[in-house]
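Have a look at the structure below before the remarks.
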Amino acid sequence: MKLFKTLIATAALSFAVNANAAETQKEVRFIGETEFAGFCKAIVNDDIRTLRSSLSRSVGRIGDSQRQVLRVITSDTGLTCNGSNLIDFSVERGADSVHEFLISRS
C-alpha cells in the first residue's frame, strides 16, 4: 500500500512538472516558406545563437556572406514573420537581444 501511494504521488508530481513545462513554451506555428522559419524562431525565443546559425545556413542561398544575408533578410522587401519585417517583429515580440543584434549588424 505504501508503494502504491508513492507511485501515485510520483505520477502526480510528474504530471504537474510536465504541465508547467508545457505552459512556459511559446506556441508558434510556421507557415509559408518554412525553410527560413529559423529566423522567426530566433526572434520568438530571443536567441542570437539560433539567429547566427540560420544566417550561416543561408550563406550561398541568399547571399555570399552572413552580413549580406542579414542585409537581404532585414530589408523592406526581405523576410517577414507574422506579416512584419524582422526588425519590427523583434520589437513586437520583445526580443531585445535579437533586435539589438539586427540593428547593430544591418
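Mapping of the sequence shown onto my numbering: residues 468 to 573, in sequence order. Beta carbons: idealized from backbone N, C-alpha and C, even for Gly.
Distances from the CA of residue 563 to each of 509, 496, 503 were compared; the closest alpha carbon is that of 509. Beta-bridge partners assigned by DSSP to residue 552: 547. DSSP places residue 505 within a helical segment (H, G or I) once states are collapsed to three. Between residue 525 and residue 536, the beta carbon gap of about 5 angstroms places them in contact (Cβ cut-off 8 angstroms).
Proximity to residue 533 across 521, 542, 515 peaks at 521, based on C-alpha coordinates.
Counting only residues of its own chain and dropping the five nearest sequence neighbours on each side, residue 557 has a CB closer than 7 angstroms to the CB of 510, 565, 566, 569. For residue 545, the closest alpha carbon among the candidates 496, 503, 498 is that of 503. Straight-line spacing of the CA atoms in residue 523 and residue 573 works out to 15 angstroms.
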